[in-house]
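If you use this note's numbering, the sequence shown corresponds to residues 784 to 1193, in order. All remarks here apply to the structure that follows.
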Amino acid sequence: MNKLPKVISNAIKDNVSDIYITGGHPMVSRRQGKIQFHDGIQWSHQEVDELVRQLLNKRQLEALRERKSFDFSISISHARLRINFFTTMRGLSLAIRILSGHIPTIEELNLHPSLHEISRLKSGLVLICGATGVGKTATITAIINDINISRSAHIITLENPVEYRFQSNKAFIQQRELGTHMPSFAQGILDVLRENPDVIVVGEMRDAETMELTLNAAESGHLVIATMHATNPEEAIYRICSAAPAESQNEIRYQLASTLNWLVMQQLVHLEKTGYRVPLLTIMRGTSSIKNLIRENKLNQINSAIQMGKNEGMFTSERYLNEYLETCKNFTPYAAIFKPSPETSEDSIYASPLVEDDDVFEAATPKRLPPKPAKESIVVHTGYHYNEMEQMLTIDEDASLEELIKKLER
């Protein structure tokens, strides 16, 4: 653990994006996409085990033991790190991504300026969809940043893991991480609804319960921004509706139609004129025609409706490429935005021992005394039959004193 902070500090100076640590092997880094070996920096197998033990708490170690891998985020040397712990032939290993401490803007991410309109919404559902690694988290981060600098609001994010740390500006922002601050996205949504938020960010809608609770939150008057894996708008809507039981799907379609404001499909494409990748979007808006198609389950007509919705701010991926990306003159290089850099947030990170430390929790919990055992009945065994006892305890009122004494002596 003593080596790691210095390694991270040097990595930021050298513009290193990734670090790989495995026992008995030189440390490996990735700089500008190329792998480099560092023969002078090495952890033994036992040192890697101890490093993991110091980074993770008891519950996280149990999850790592059960799944053989674990995703984790932490701030070290003023840098935000996303760490994946996994097991190999060399034992426990770490893949560390050094994140940018800079909160990106919509313009810096080369996104369409119409996305600024999302920050002005007061309620409804916004879906950011796409495959893994296309920049969905960065897009949502830019939208949250837009709200943070433009209006007062209570924003609660549910993430896995927390990649960008926000500092409250006009908005009050609270961030929660799956596994650290909540057991599941579904439980996180239930808890958030009791805390009077204005904006709820759901890091990933994957299971039916999370989808249902997300729709309920949007329907109850909150602005909900969520991500999910899908390749096109039709698939995204179908996945939400089909996740519910057959008897509830009609209700889910009506609920989705009434709450959906934006659906943004994102992928990355290499643009020849820039020489690097930029986001390629499909933008669907919650217009009356889109809502009717969802209610009537005519999802195969969604793409046509997007094509027809040019005047309402909608884009197919083809139109977005031709009418926006090909005509836009100013782009920000990917490396300039996502290069490793110190965090801008000055908020301290604190894990309460009452929640994280089992020993502290047990010490702080009042001990309950064990219940007193029930009083046992005292049973005297005399050795006499019941009839004999009854005769011994029966007193004849006419008997003389001598006769009573003789009876007791027997």
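C-beta atoms are modelled at their ideal positions from N, C-alpha and C, and glycine is treated no differently. Here the structure is a predicted model, which is why all the values come from computation and not from measurement.
Continuous beta strand (DSSP E) stretch holding residue i: start and end
{"i": "G971", "result": "Where G971 is concerned, there is no enclosing beta strand (DSSP E), although the alpha helix (DSSP H) it sits in stretches over F968 to V975."}
{"i": "I866", "result": "A862 to T871"}
{"i": "S852", "result": "S852 to I859"}
{"i": "C1111", "result": "C1111 -> no beta strand (DSSP E), and no H or E assigned at all."}
{"i": "I927", "result": "Where I927 is concerned, there is no enclosing beta strand (DSSP E), although the alpha helix (DSSP H) it sits in stretches over K919 to S933."}
Where residue i falls: helix, strand or coil (DSSP)
{"i": "T940", "result": "strand"}
{"i": "L1006", "result": "strand"}
{"i": "E978", "result": "coil"}
{"i": "K1158", "result": "Its pLDDT being 49, under 50, K1158 is placed unreliably by the model, and the measurement read from it follows with that caveat. Coil at K1158, not helix or strand."}
{"i": "P1062", "result": "strand"}
{"i": "P1136", "result": "helix"}
{"i": "L961", "result": "strand"}
{"i": "Y947", "result": "coil"}
{"i": "D832", "result": "helix"}
{"i": "T805", "result": "strand"}
{"i": "Q753", "result": "Since the displayed the chain opens at 784 and closes at 1193, residue 753 lies outside it and no answer follows."}
{"i": "I824", "result": "strand"}
{"i": "L892", "result": "coil"}
{"i": "F1144", "result": "Low confidence applies here, because F1144 scores a pLDDT of 42, under 50, leaving its location unreliable; read the following figure in that light. Note: F1144 maps to helix in three-state DSSP."}
{"i": "S800", "result": "strand"}
{"i": "I886", "result": "coil"}
{"i": "M994", "result": "helix"}
{"i": "L904", "result": "coil"}
{"i": "L910", "result": "strand"}
{"i": "L847", "result": "helix"}
{"i": "L898", "result": "helix"}
{"i": "L839", "result": "coil"}
Residue closest to residue i, alpha-carbon to alpha-carbon, out of the options
{"i": "I879", "options": "P887, L892, R865 and I889", "result": "R865"}
{"i": "L877", "options": "Y1133, F868, E1095 and R1060", "result": "F868"}
{"i": "L847", "options": "S1100, Q829 and L875", "result": "L875"}
{"i": "F949", "options": "I1089, A921 and I824", "result": "A921"}
{"i": "P1136", "options": "F955, K841 and H808", "result": "K841"}
{"i": "I1008", "options": "E942, H1053, R977 and E946", "result": "E942"}
{"i": "L908", "options": "N1113, T1010 and I802", "result": "T1010"}
{"i": "M1067", "options": "E1079, R1078, V1052 and M1091", "result": "M1091"}
{"i": "R903", "options": "H861, D981 and I859", "result": "D981"}
{"i": "M988", "options": "M1097, V1138, N1033 and K919", "result": "K919"}
{"i": "Q1050", "options": "G1058, L1063 and L1039", "result": "L1063"}
{"i": "M1097", "options": "V975, T1065 and S1071", "result": "T1065"}
{"i": "I1132", "options": "A862, V831 and D832", "result": "A862"}
{"i": "H1012", "options": "A1088, L910, K817 and L996", "result": "L910"}
{"i": "N1033", "options": "G816, S1071 and L1076", "result": "L1076"}
{"i": "I1085", "options": "D832, Q819 and N1015", "result": "N1015"}
{"i": "G986", "options": "F955, T915 and T940", "result": "T940"}
{"i": "Q819", "options": "N798, T888 and S1072", "result": "N798"}
{"i": "Y947", "options": "H937, I923, L1082 and N1094", "result": "I923"}
Run of the alpha helix (DSSP H) containing residue i, from where it starts to where it stops
{"i": "E1055", "result": "It is not in any alpha helix (DSSP H) - E1055 carries neither H nor E in the DSSP assignment."}
{"i": "M1091", "result": "I1085 to M1091"}
{"i": "E987", "result": "Careful: E987 lies outside any alpha helix (DSSP H) and carries neither H nor E."}
{"i": "P788", "result": "K786 to K796"}
{"i": "P1123", "result": "No alpha helix (DSSP H) contains P1123, which DSSP labels as neither H nor E."}
{"i": "S876", "result": "Run containing S876: none in the alpha helix (DSSP H); it sits in the beta strand (DSSP E), G874 to I881."}
{"i": "L1039", "result": "Q1032 to T1042"}
{"i": "I1073", "result": "S1071 to R1078"}
{"i": "I1020", "result": "P1016 to S1025"}
{"i": "E1101", "result": "S1100 to Y1103"}
Minimum Cβ-Cβ distance from residue i to chain D less than 8 Å
{"i": "E946", "result": "Among the chains of the structure shown, chain D does not appear; only one protein chain is present."}
Sequence-distant residues of its chain with Cβ nearer than 6 Å to residue i (five each side left out)
{"i": "I932", "result": "N952"}
{"i": "M784", "result": "L834 and Q837"}
{"i": "H1053", "result": "R1060"}
{"i": "T1127", "result": "G884"}
{"i": "E978", "result": "none"}
{"i": "G1069", "result": "L1043 and N1044"}
Sequence-distant residues of its chain with Cβ nearer than 8 Å to residue i (five each side left out)
{"i": "L1152", "result": "Annotation note: pLDDT 49 at L1152 (below 50); position unreliable, coordinate value reported separately. Closer than 8 Å at Cβ, skipping near neighbours: no residue."}
{"i": "T871", "result": "T805"}
{"i": "V790", "result": "I802, M810 and I824"}
{"i": "Y1103", "result": "H895, L1063, L1064, T1065 and I1066"}
{"i": "Q843", "result": "F853, F855, G962 and T963"}
{"i": "K851", "result": "F869 and T870"}
Beta-carbon contacts of residue i that lie in its chain and below 7 Å, excluding the five residues immediately before and after
{"i": "E1159", "result": "Residue confidence is low: E1159 scores 47 on pLDDT, short of 50, so the model does not pin down where it sits. Its coordinate-derived value is still stated next. Closer than 7 Å at the Cβ level, and outside the excluded window around E1159, lies no residue."}
{"i": "E891", "result": "T1115 and I1120"}
{"i": "A794", "result": "I802, S812, I881 and P1123"}
{"i": "V945", "result": "S856, Q958 and E960"}
{"i": "S827", "result": "G806 and G807"}
{"i": "R1078", "result": "R1036, Y1037 and A1040"}
{"i": "S860", "result": "P788, I791 and S792"}
Three or more C-beta pairs below 8 Å linking the stretch 954-966 and the stretch 991-1003: no
The stretch 881-901 in contact with the stretch 968-980 per 3-pair CB rule at 8 Å: no
At least 3 beta-carbon pairs within less than 8 Å: the stretch 932-947 vs the stretch 1020-1029: no
Three CB pairs or more closer than 8 Å across the stretch 892-899 and the stretch 1026-1035: no
The stretch 792-810 in contact with the stretch 820-832 per 3-pair CB rule at 8 Å: yes
Inter-stretch contact (C-beta, 8 Å, three-pair minimum) for the stretch 1045-1059 and the stretch 994-1006: no
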